[in-house]
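First the structure, in the form of structure tokens, and then the observations on it.
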Amino acid sequence: MEIQNGSGQLAVQVEGLVKKFGEQTAVDHVDLAVPAGSVFGLLGPNGAGKTTIVRMLSTLLRPDGGTARVAGLDVVAHAQAVRRVIGLTGQFAAVDESLSGYENVYMIGRLLDLPAKQAKARALELLETFGLDEDAKKTAKQYSGGMRRRLDLAASLVGRPRVLFLDEPTTGLDPARRNDLWEIVRDLSSTGTTVLLTTQYMEEAEALAQDIAVMDKGRFIARGTADELKVKIAGRSIRLRPVVLADLPELRTVLQSVLGVVEDVAPGTVGGPVAEDDQVARLLKAVAAADIAIADISTVTASLDEVFLALTANKSAGKPADEPADEVPTQTTKVEAAR
Ligand SMILES: Nc1ncnc2c1ncn2[C@@H]1O[C@H](COP(=O)(O)OP(=O)(O)OP(=O)(O)O)[C@@H](O)[C@H]1O
Ligand SMILES: [Mg+2]
């Protein structure tokens, strides 16, 4: 048994992982490699298999096939050792309601064999980090949903885990608390902790994760950075508005010749999809050559939500009638033409 430590190592290494529940395959031959110290985001709709992956990696569920190693340790053969190096915050807050906030965190420290003094210091430190110091003496029964979640997160960090699994960590947190948690995740990552988080929020994956996997029905259907996913999957487009409306027909001809497609995107504005990086430069050259004055130019990159919809919309057998699956709504983001 070897514990990997240095940079460039894989904190999580998964090959052909399978989990079945009766007839249903909840996780279907998943491969995954998460470099130590990075944040990995697992995105997917309800029932995609995210929690099932987290539970197998945190030794709560035995895989039916494939292999999974965490910090170099096999999750089946060395489950005990894996438990010592990981932290887990499950999808539903798991706190002891009869104990106070402080007692919950202190108890975990004692369970992890910390001496009483250290367990106390660590509990106080974490309760402060998660903004619970003032409510530390209240029983968890009196905590709000968001407070319970923060208490659960604090408890998962007592043992200073090398690999931290967070299953929808910000569900139920208000925007300020969510930002606090993002900061904590970034801090942990900067000090070498590897974080694997699941989320329903694209924005969250984009804010935290260097690498994102989108999963649906037990399989990974896309992988990459947020930018890669946006450009590759939902695409990019450009739109232009001439100063003089009379130039519109000529501008259409130019767009058609460079992009191959031209669309009326707004009154007096035309646009089209950008498939290759050099098309923007070629288009600008062609517009200049045609001597058309441009009042406004913008490129539109899809949001991660659009990526998510584009990926999952056509995969569902029954499309909801009120949601046209092949039409992806667009969100406009103006960027400098030079980018
Ligand atoms: N213990 C179980 N027994 C039977 N089926 C299960 C069990 N746990 C999960 N499943 C099924 O496996 C599939 C994947 O579930 P999982 O909880 O991993 O999804 P998820 O991606 O975490 O979804 P959510 O976003 O709703 O939390 C679902 O169809 C679910 O019904
Ligand atoms: Mg889940």
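The sequence shown maps to residues 1 to 339 in the UniProt record's numbering. C-beta: ideal position from N, C-alpha, C; glycine also. These numbers were taken from a predicted model, which means no experiment stands behind them.
- In the three-state reduction of the DSSP assignment, R148 falls in the helix class, which pools H, G and I.
- E276 is not a Cβ neighbour of V270, given a cutoff of 8 Å.
- Between P45 and L17, the beta carbon gap of about 19 Å keeps them out of contact (Cβ cut-off 8 Å).
- For K50, the shortest C-beta to heavy atom distance toward ligand 2 is below 7 Å.
- With a cutoff of 7 Å, G90 does not count as near ligand 1, since its C-beta is closer than that to no heavy atom of the ligand.
- Assignment of T171 by DSSP, reduced to helix, strand and coil, places it in the coil class.
- The Cβ atoms of A93 and G109 do not sit closer than 8 Å to each other.
- Relative to ligand 2, D180 has its C-beta separated by 7 Å or more from all heavy atoms.
- Given a length threshold of 3 residues, each whole run of the beta strand (DSSP E) inside the stretch 27-92 is given here in chain order: 39-43, 65-70 and 86-89.
- Looking only at V70, G87 and L188, the smallest Cα-Cα distance to V14 is reached by V70.
- Each of V39, V30 and L10 was checked against the Cα of A205, and the nearest Cα belongs to V39.
- Burial is judged here by how many other beta carbons sit within 10 angstroms of a residue's own beta carbon; L151 has at least 16 and is buried.
- Checking the DSSP bridge columns, you'll see I294 partnered with P242.
- Assignment of L166 by DSSP, reduced to helix, strand and coil, places it in the strand class.
- In the DSSP annotation of this structure, the continuous segment of the beta strand (DSSP E) that includes T194 starts and ends at T194 to T199.
- Between T139 and the set L173, G218, S98 and H29, the nearest pair of CA atoms involves S98.
- When DSSP reads this structure, L10 sits in a beta bridge with P35.
- In the three-state scheme derived from DSSP, where H, G and I count as helix and E and B as strand, E204 is classed as helix.
- For K20, the three-state secondary structure derived from DSSP is strand.
- Distances between the C-beta of F220 and the heavy atoms of ligand 1 are all 7 Å or more.
- For E204, the Cβ stays outside the 7 Å cut-off from all heavy atoms of ligand 2.
- By the CB criterion at 8 Å, V95 and R148 fall inside the cutoff.
- Only buried fits G272, as 16 or more other CB atoms lie within 10 angstroms of its CB.
- Closest in C-alpha terms to S100, from the list R239, D135 and T253, comes D135.
- By the Cβ criterion, the stretch 184-201 is in contact with the stretch 160-170, since at least three pairs of Cβ atoms, one from each stretch, lie closer than 8 Å.
- By alpha-carbon distance to V158, the top candidate from K50, V243, A207 and F130 is F130.
- Leaving aside the five residues that flank L126 on each side, the residues in its chain whose CB is nearer than 7 Å to its CB run, in chain order, V105, A154, L157 and V158.
- With a threshold of 7 Å, the Cβ atom of A26 counts as near ligand 1, since some heavy atom of the ligand is closer than that.
- Of the heavy atoms belonging to ligand 1, at least one sits nearer than 7 Å to the Cβ of G44.
- Between L88 and M215 the beta-carbon gap is near 19 Å, outside 8 Å, which marks them as no contact.
- In this model, I238 and D211 are separated by some 27 Å (Cα to Cα).
- Shortest Cα-Cα distance from A222 to any of V244, L309 and D180 involves L309.
- In this structure A33 is exposed. Its beta-carbon is surrounded by fewer than 16 other beta-carbon atoms within 10 angstroms.
- By DSSP's assignment, G271 forms a beta bridge with R239 and E263.
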